[in-house]
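>
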Amino acid sequence: MQFTFSVSSRRLSIVVLVIALLVIVQGSCTHEPFEPKTVTVHIPPPDQPVDTNSDNTPPTQPVITGCDEDSIFFQRDIQPLFIAKCGSTGGCHSVDSAQGNLVLSTFDTTLNSGVVIPFDPSNSLLYQRITAPDTSKRMPPPGADQLDAKDMQKIFLWIQDGAVDCDSTNVSYASTVRPLLEFYKCLDCHKSGSGIADLSNYQGVKAQADNDTLYGVIAHLQGFPQMPQDTDKMDLDHILQIKAWIDGGAEDN
28 MQFTFSVSSR RLSIVVLVIA LLVIVQGSCT HEPFEPKTVT VHIPPPDQPV DTNSDNTPPT
88 QPVITGCDED SIFFQRDIQP LFIAKCGSTG GCHSVDSAQG NLVLSTFDTT LNSGVVIPFD
148 PSNSLLYQRI TAPDTSKRMP PPGADQLDAK DMQKIFLWIQ DGAVDCDSTN VSYASTVRPL
208 LEFYKCLDCH KSGSGIADLS NYQGVKAQAD NDTLYGVIAH LQGFPQMPQD TDKMDLDHIL
268 QIKAWIDGGA EDN
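For the sequence shown, position 73 matches number 100 in this note's numbering, and the numbering has no gaps at all.
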């Protein structure tokens with residue numbers, strides 16, 4: 028059997044083929060439309076202001092003028108050793124006993140005694156006696172609380188550096204003592220009507236300063252209760268600032 032195709036049939040076939048190709052091409056290019064995505068950027072809120080009127084505001088440590096931490100000074104570094112080992116109340120070299128006419132509880136009496144030669148520890152009688160190989164000549168004497176090697180080295184360096192003291196005259200009740208009592212929360216217990224020492228006003232603090240109790244309790248001297256109670260001891264610089272105020276007459280300034 029023989030088939031014949033007319034020209035018009037061929038043209039129709041070509042048109043159908045072209046249409047089919049266009050449909051395929053169009054389908055291959057069809058995809059889901061692109062839609063912009065929403066990106067959420069988290070911007071942290073500004074810092075909340077501190078409510079300075081709230082009781083929960085942490086206390087700010089008082090700015091207290093202290094001694095240079097890189098140097099050794101009598102009041103901050105040496106006096107606590109002498110008071111604890113040599114010159115506390117009733118000790119051998121306190122103001123009350125002054126054995127051998129030697130008082131080591133203050134800077135002036137220590138320097139005026141002649142046992143310290145600034146810049147020359149080896150020829151200073153004080154250093155010679157605390158390091159004497161012969162225990163019968165060593166101070167403190169046998170049986171007393173002894174200076175350890177670290178204490179002796181500190182005294183040596185103090186004399187070698189000139190046996191100086193720091194200036195602690197810039198203290199007062201209003202700007203130094205009262206803020207420290209508040210910072211260490213002493214007034215939480217020692218307030219009016221508490222039945223114990225009242226530190227809520229100058230008169231009460233002055234009374235405790237005059238009878239040596241204030242310094243004794245904060246410096247944790249032997250025979251005194253340790254204050255502040257149930258917490259860390261005051262920083263040494265703060266103790267010495269209060270001591271300087273007491274030594275200056277504990278004035279209402």
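Each residue gets a CB set at the ideal place from its N, CA and C atoms; glycine is no exception. A quick note: this is a predicted structure, and the numbers were derived from the prediction, not measured.
Let me know if K112 comes out buried or exposed under the rule of 16 or more other beta-carbons within 10 Å of its beta-carbon.
Numbered from 1 along the sequence shown, position 85 holds the residue referred to as residue 112. It is buried - the Cβ of K112 has at least 16 other Cβ atoms within 10 Å.
> CB Y211 to CB P255, shorter than 9 Å?
Stepping through the sequence shown from its first residue, residue 211 is reached at position 184. Stepping through the sequence shown from its first residue, residue 255 is reached at position 228. Against a cut-off of 9 Å, the Cβ pair of P255 and Y211 comes out as a contact.
> Check whether the stretch 170-185 touches the stretch 128-135, counting contact only when three or more Cβ pairs, one atom from each stretch, lie closer than 8 Å.
Taking 8 Å as the limit for Cβ pairs, the verdict is that the stretch 128-135 does not touch the stretch 170-185.
> Kindly provide the ranges of any alpha helix (DSSP H) runs that are 4 or more residues long and lie completely inside the stretch 133-183, ordered along the chain.
You should have 134-139, 152-157.
> Nearest-angstrom Cα distance between P145 and E278?
On the sequence shown, residue 145 is found 118 positions in, with the first residue counted as 1. On the sequence shown, residue 278 is found 251 positions in, with the first residue counted as 1. Their backbone Cα atoms lie some 32 Å apart in a straight line.
> State the CB to CB distance for the pair R103 and C193, rounded to an integer number of angstroms; the pair is presumed to be in contact (CB under 8 Å).
For the purposes of this step, residue 103 is taken as the residue at position 76 of the sequence shown. For the purposes of this step, residue 193 is taken as the residue at position 166 of the sequence shown. R103 to C193, Cβ: 6 Å. Contact.
> Helix, strand or coil for Q256? Go by DSSP, reduced to three states.
Locating residue 256 in the sequence shown gives position 229, counting from the first residue. Coil.
> Label K164 either buried or exposed according to how many other C-beta atoms from any shown protein chain fall within 10 Å of its C-beta, with 16 as the threshold for buried.
Position 137 of the sequence shown, counted from the start, is the residue given in the question as residue 164. The residue is exposed, with fewer than 16 neighbouring Cβ atoms inside 10 Å.
> How about L208: is its Cβ closer than 8 Å to a heavy atom in the ligand NAP?
This structure does not include the ligand NAP; it has no bound ligands of any sort.
> How about L241 and Q249: do their beta carbons lie closer than 9 Å?
As a working mapping, residue 241 is identified with position 214 in the sequence shown. As a working mapping, residue 249 is identified with position 222 in the sequence shown. Contact flag unset, no.
> Is it the case that the Cβ atoms of Y154 and I186 are separated by a distance below 9 Å?
Counting from 1 along the sequence shown, the entry for residue 154 is found at position 127. Counting from 1 along the sequence shown, the entry for residue 186 is found at position 159. Yes.
> Roughly how many whole angstroms lie between the Cα atoms of T116 and G243?
Within the sequence shown, numbered from 1, the residue matching residue 116 stands at position 89. Within the sequence shown, numbered from 1, the residue matching residue 243 stands at position 216. Interpretation of T116 is limited by its pLDDT of 43, a score under 50 that renders its predicted location unreliable; the figure taken from the coordinates is listed afterwards. If I take the Cα positions, the gap works out to 10 Å.
> List, from N- to C-terminal side, the beta strand (DSSP E) runs of 3 residues or more that fit wholly inside the stretch 201-232.
Runs found: none.
> How is the alpha helix (DSSP H) around V244 delimited, first residue to last?
Here residue 244 corresponds to residue number 217 of the sequence shown, with the count starting at 1. Run containing V244: 240-245, per the alpha helix (DSSP H) assignment.
> Which two residues bound the contiguous alpha helix (DSSP H) that contains L129?
Translated into positions along the sequence shown, residue 129 becomes position 102. No alpha helix (DSSP H) holds L129; DSSP gives it neither H nor E.
> Over the uninterrupted alpha helix (DSSP H) stretch that includes D264, give me the two end residues.
Position 237 of the sequence shown, counting from 1, holds the residue named residue 264. Start and end: 263-274.
> Grab me the residues of T136's own chain with a C-beta within less than 6 Å of its C-beta, minus the 5 sequence neighbours each way, in chain order.
Working through the sequence shown from its first residue, we reach residue 136 at position 109. Cβ within range, chain order: V130.
> Identify which residue in I110, S219, Q268 has its Cα closest to the Cα of L174.
Taking the first residue of the sequence shown as 1, we reach residue 174 at position 147. Comparing Cα-Cα distances from L174 to each of I110, S219, Q268, the minimum goes to I110.
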